[in-house]
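*Asks:* Every position in the sequence shown, counted from 1, becomes a number in the working numbering once 10 is added.
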Amino acid sequence: MKTRAALKAEVKQLFSGAWWRAALLCLVASLSIFYRDASGMYKFINSWGITGFDWVGWLDWDTSETTAALLISTIFGVIVYFVQEVFIVGASYALLDASRAPKRQLPTITAATVGFAKQYRWSIVGLIIFKALLVFLWSLLLIVPGIIKAYAYTQTYFVYKDMLAATPAGQPRPTYRAAITRSRALMKGRKFDYFVLQLSFIGWQILAILTAGLGEFWLMAYRLATNAHFYDDLVMSAKR
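1) Give the straight-line distance between the Cα atoms of Ala160 and Gly223, rounded to the nearest whole angstrom.
2) Taking the alpha-carbon of Arg110 as reference, which of Gly225, Met230, Asp172, Val135 has the nearest alpha-carbon?
3) Grouping DSSP H, G and I as helix and E and B as strand, with all else coil, what is Thr166?
4) For a test of the three-state rule: what should DSSP assign to Thr236, helix, strand or coil?
5) Straight-line CA distance for Lys18 to Leu81?
6) Taking 8 Å as the cut-off, does the stretch 201-212 touch the stretch 115-133 (at least 3 CB pairs, one atom from each stretch)?
7) Nearest by alpha-carbon distance to Lys141: which of Glu20, Gln129, Glu95 is it?
8) In angstroms with no decimal places, state the Cα-to-Cα distance between Ala218 and Ala179.
9) Applying the 10 Å Cβ sphere with the 16-neighbour rule, what's the burial state of Pro182?
10) Between Gly225, Thr191, Ser40, which has its C-alpha nearest Ala122's C-alpha?
11) For Leu174, which residues from the same chain have a beta carbon less than 7 Å from its beta carbon, with the 5 sequence-adjacent residues on both sides left out?
12) From Met11 to Ala78, what does the alpha carbon distance come to, in whole angstroms?
13) Would Ala28 pass as an interface residue toward chain C - the criterion being a Cβ-Cβ separation below 7 Å?
14) State the Cα-Cα distance for the pair Ile190 and Leu137, rounded to the nearest angstrom.
15) Report the CB separation of Phe227 from Leu37 in whole angstroms; it is logged as a contact under 8 Å.
16) Restricting to Cα atoms, I'd like to know which of Arg200, Ala101, Arg187 is closest to Ile158.
17) With DSSP as the reference, label Met11 as helix, strand or coil.
The structure is reproduced here in structure tokens:
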């Protein structure tokens with residue numbers, strides 16, 4: 011089992027002399043998150059008038075125009091979310107492949123679109139929905155079980171990629187449940203490690219905020235690559 015420092019050292023070695031290439035690989039995903047955060051902040055700030063909070067703007071939902079606008083905004087937000095997630099998973103897949111390649115060379119920005127390839131796109135969307143549904147159902151019991159399961163399912167996308175690659179041609183595709191089950195098995199006893207690993211990026215996240223979001227372009231690649239190396243470490247540990 012590798013330490014957080016070892017995982018991050020491997021990523022830094024992979025990105026050595028190619029940080030710009032890594033940032034470009036995650037460009038679309040970073041831009042989508044930057045747009046989401048900036049839009050949310052703008053709407054929040056804009057809702058405050060000179061004399062205080064604009065309650066009328068927040069509470070006046072009675073007109074048909076407002077209802078239609080809210081519906082369109084919600085639909086657009088859902089579409090953007092799914093597109094963003096597919097880009098993030100695609101970039102994660104590209105970084106996982108780069109870490110496993112003999113020459114360990116980072117791919118070009120076009121590799122981030124692998125999530126939209128025929129073999130992945132609808133499967134990724136299905137996994138997003140299936141994971142969210144399971145976490146929601148567990149959260150109905152208490153919030154803590156939902157959080158625990160959310161961490162148990164974090165490796166689902168990587169697992170599905172490997173399971174699909176190992177499936178012979180002509181055979182049925184792996185099921186979402188199989189990927190979820192495998193992720194849960196890999197994360198047994200490692201959920202806290204993953205939690206702490208994510209916490210270790212807080213300092214970088216603050217720095218990204220202080221740079222008006224520009225640091226997010228590098229942080230996204232750094233975090234996704236570290237998560238990919240964490241998954242590989244889980245797989246190798248399970249084989250021992």
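Where a beta carbon is used, it is the ideal one built from N, C-alpha and C, also for glycine.
*Replies:* Let me spell this out:
1) Cα to Cα, the separation comes out at about 27 Å.
2) For Arg110, the nearest C-alpha among the options comes from Asp172.
3) Here Thr166 carries a helix assignment [DSSP, helix/strand/coil].
4) Looking at Thr236 - three-state DSSP - the assignment turns out to be helix.
5) 42 Å
6) no
7) The residue from Glu20, Gln129, Glu95 with its alpha-carbon nearest to that of Lys141 is Glu95.
8) 44 Å
9) Its Cβ having fewer than 16 others within 10 Å, Pro182 is exposed.
10) The shortest CA-to-CA distance from Ala122 to any of Gly225, Thr191, Ser40 is the one to Ser40.
11) Gln129, Arg183, Pro184
12) 52 Å
13) No chain C appears in the structure shown, which is made up of a single protein chain.
14) Near 9 Å, if we compare the C-alpha coordinates of Leu137 and Ile190.
15) 7 Å
16) Arg200
17) coil
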